[in-house]
Amino acid sequence: MYGNDFSAPNGATDEASGGLLGEVEAAEAELRAAAARGRRGGPAPDEDLAAYFAEVVDAEQKIEPRDWMPDAYRRTLIRQIAQHAHSEIIGMQPEGNWISRAPSLKRKAILLAKVQDEAGHGLYLYAAAETLGISRDELVQLLLDGRQKYSSIFNYPTLSWADVGAIGWLVDGAAIVNQVPLCRCSYGPYARAMIRVCKEESFHQRQGYEILHTLAHGTPAQQAMAQDSVDRWWYPSLAMFGPPDGDSTHSAQSMAWKIKRFSNDDLRQRFVDMCVQQAEILGLRIPDADLRWNDERQAYDYTQPDYDELMQVISGDGPCNRERMAHRRAAHADGAWVREAAAAYAAKRAGQKETVAA
Amino acid sequence: MSERSEQAKQPGMTSHSPLWEVFVRARRGLSHTHVGSLHAPDAELALRNARDLYTRRQEGVSIWVVPAGAITASSPDEKDAFFDPAADKVYRHPTFYEVPDGVAHL
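Going down the list, the sequences are from chains A and B.
Heads up: the first sequence at position 312 corresponds to 312 in this note's numbering, and the numbers run straight through without jumps.
When you read off a place in the second sequence, starting at 1, and then add 1000, the result is the number in this note's numbering.
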């Protein structure tokens, strides 16, 4: 059920996240099927490597770390996977902000588990990036120096507890829509990491939805808090899909390489179509007066997010960019003594073993 | 599976926190399967990190961690030549043999 079947909102939204999870499983089955279809191993000694690479990609087979690949393919993947990993790591901050103030022990435990998952996702992705020949230290340094980016969405503040709900529902929801097609990416380690990430991400989206549902059915003040948070997170979530297709610099080549499967606008539309019915059940209003069903397109018409704002946030001038980076740098510096102590202990133990062996 | 073994030798590699490949046995009766990699200063921490990273949802009953640098991998460039010796030995498969009609337990 992967592919272009997402233009039927009435059917598709019944079990929207189940549908997406189904796609993750389909991607996993496809990965196994592609492996089972098999093909000869490496290129013949006199074969053109670029032609060989194109043939593997066209056959929906995975490119693996030690295969020949075009330099630009490698660079694109490193940039994309690294940016993705950085987003997971920075993404811990907005929610981490509420761990100490979660309204109950249950919510606190759930939020801790979710933030721990985000760290895990960052680590899966760093490991996938490392298979392309860049080291962890370099990747960390690129983030700390501001030479690689992370998702614009994490530069918005979490002002109320309801924001933890809105992040789960909208931000993680948008991330899932973005990431499910990446489970079918042509680069094997990235595809496998994304399958793992998407399976875990589904819990994140549901816990956020549950928080909002609880608030939306609570006191008037709680309802207002929930609505306010949806009002603030809706457009930044739409902006997560990136600039409109006409302005997207990396899209065409990434599609040809099967790194990317759908355009930014296609994915954004899919997300909007899913959210409308979910918002109705929450009893919350999507802050878009022009949101309406278009029978001709079989999709919702909606107001585009402010792309100038997106560019401003991406270029470092969002509400929390400086705070996020300062926090990350401080956390990295504060952890230095732990890394050094662990290394010293490991060296000491290794030395003892050698002495015993000798 | 041993795809990362060359990484450990690369310049810029975290010297005090090498790369480990992680293998998890999902359930009793299954073999260990490669699930990914991680950095850790020693084997003990690699195991603990692997538990926290790859088995947060009870995905395993046993974990192996192996220094990535200790794995020797065949190269995909050599695949044809390297695996050639097996290609023309169809008689190693039971389907190669004709069984006369009526033979039981064969």
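We put the CB at the ideal spot given by N, CA and C, even for glycine.
On a predicted model such as this, the values are computed, not experimentally measured, just so you know.
Item to check | For A299/A, the three-state DSSP class (helix, strand or coil) | outcome: Mapped onto the first sequence, residue 299/A falls at position 299. Here A299/A sits in strand by DSSP.
Next on the checklist: Using only the alpha-carbon positions, how far apart do W1064/B and T1033/B sit?
Outcome noted: Within the second sequence, numbered from 1, the residue matching residue 1064/B stands at position 64. Within the second sequence, numbered from 1, the residue matching residue 1033/B stands at position 33. Roughly 9 Å between the two C-alpha positions.
Item to check | Neighbour flag for L31/A against chain B, beta carbons, 7 Å | outcome: Locating residue 31/A in the first sequence gives position 31, where the first residue counts as 1. It does not: the Cβ of L31/A has no partner Cβ on chain B nearer than 7 Å.
Next on the checklist: With three or more C-beta pairs closer than 8 Å as the rule, is the stretch 160 to 173 of chain A touching the stretch 195 to 210 of chain A?
Outcome noted: Enough Cβ pairs lie closer than 8 Å, so yes.
Next on the checklist: Which complete alpha helix (DSSP H) runs does the stretch 131 to 182 of chain A hold, if anything under 4 residues is left out?
Outcome noted: 136 to 144, 161 to 166 and 172 to 179, all fully within the stretch 131 to 182 of chain A.
Checklist entry - Hey, E201/A and T158/A are a contact pair by Cβ (cut 8 Å); roughly how many whole angstroms apart? => result The residue given as residue 201/A occupies position 201 in the first sequence. The residue given as residue 158/A occupies position 158 in the first sequence. So it is not a contact: roughly 19 Å between Cβ atoms.
Checklist entry - If you draw a straight line from the alpha carbon of F241/A to that of S254/A, how long is it in whole angstroms? => result Counting from one through the first sequence, the residue named residue 241/A turns up at place 241. Counting from one through the first sequence, the residue named residue 254/A turns up at place 254. Whole-angstrom Cα-Cα distance: 15 Å.
Item to check | Per-residue contacts from G173/A into chain B (C-beta, under 9 Å) | outcome: As a first step, residue 173/A is located in the first sequence; it is residue number 173 there, counting from the start. In chain B, no part has a C-beta under 9 Å from the C-beta of G173/A; the shortest such distance is about 21 Å.
Checklist entry - Quick one: complete beta strand (DSSP E) runs, 3+ long, within the stretch 45 to 107 of chain A? => result Runs of the beta strand (DSSP E) inside the stretch 45 to 107 of chain A: none found.
Checklist entry - Do L262/A and V177/A have their CB atoms nearer than 7 Å? => result Residue mapping note: residue 262/A aligns to position 262 of the first sequence, counting from 1. Residue mapping note: residue 177/A aligns to position 177 of the first sequence, counting from 1. Checking the sequence shown, residue 262/A turns out to be Phe, not Leu. It is not a contact, given that the beta carbons lie outside the stated cut-off.
Item to check | Cβ contact (3+ pairs, closer than 8 Å) linking the stretch 279 to 293 of chain A and the stretch 223 to 233 of chain A | outcome: Flag = yes, the stretch 279 to 293 of chain A and the stretch 223 to 233 of chain A touch.
Checklist entry - Are the C-beta atoms of L1053/B and some chain A residue less than 7 Å apart? => result One-based indexing of the second sequence puts residue 1053/B at position 53. By this cut-off, L1053/B is an interface position.
Checklist entry - Is there at least one Cβ from chain B nearer than 7 Å to G120/A's Cβ? => result Your numbering for residue 120/A matches position 120 in the first sequence. Yes, G120/A counts as interfacial toward chain B.
Checklist entry - Looking only at C-alpha atoms, which of V1061/B, E1021/B and S1031/B sits nearest to A1043/B? => result Stepping through the second sequence from its first residue, residue 1043/B is reached at position 43. Distances from the alpha-carbon of A1043/B to those of V1061/B, E1021/B and S1031/B put E1021/B closest.
Checklist entry - For the alpha helix (DSSP H) that contains I314/A, what are its first and last residues? => result Here residue 314/A refers to the residue found at position 314 of the first sequence. Unbroken run through I314/A: none, as it is neither H nor E.
Item to check | G1036/B: first and last residue of the uninterrupted beta strand (DSSP E) it sits in | outcome: Residue numbering aside, residue 1036/B sits at position 36 when the second sequence is read from its first letter. Run containing G1036/B: T1033 to H1039, per the beta strand (DSSP E) assignment.
Checklist entry - Do you know how far the Cα of A50/A is from the Cα of R268/A? => result Against the first sequence, residue 268/A aligns to sequence position 268. Against the first sequence, residue 50/A aligns to sequence position 50. Their backbone Cα atoms lie some 33 Å apart in a straight line.
Checklist entry - Taking just the CA atoms, how far does D172/A sit from A128/A? => result Residue numbering aside, residue 128/A sits at position 128 when the first sequence is read from its first letter. Residue numbering aside, residue 172/A sits at position 172 when the first sequence is read from its first letter. Looking at the two C-alpha atoms, the distance is approximately 21 Å.
Next on the checklist: Please confirm whether A26/A has its beta-carbon closer than 7 Å to some beta-carbon of chain B.
Outcome noted: Residue 26/A sits at position 26 when you count from the first residue of the first sequence. Using a CB distance cut-off of 7 Å, A26/A does not count as an interface residue toward chain B.
Checklist entry - Of all the options Q61/A, Q83/A, S100/A and D273/A, which has the alpha carbon lying nearest to the alpha carbon of H121/A? => result The residue given as residue 121/A occupies position 121 in the first sequence. Ranking Q61/A, Q83/A, S100/A and D273/A by Cα distance to H121/A puts Q83/A first.
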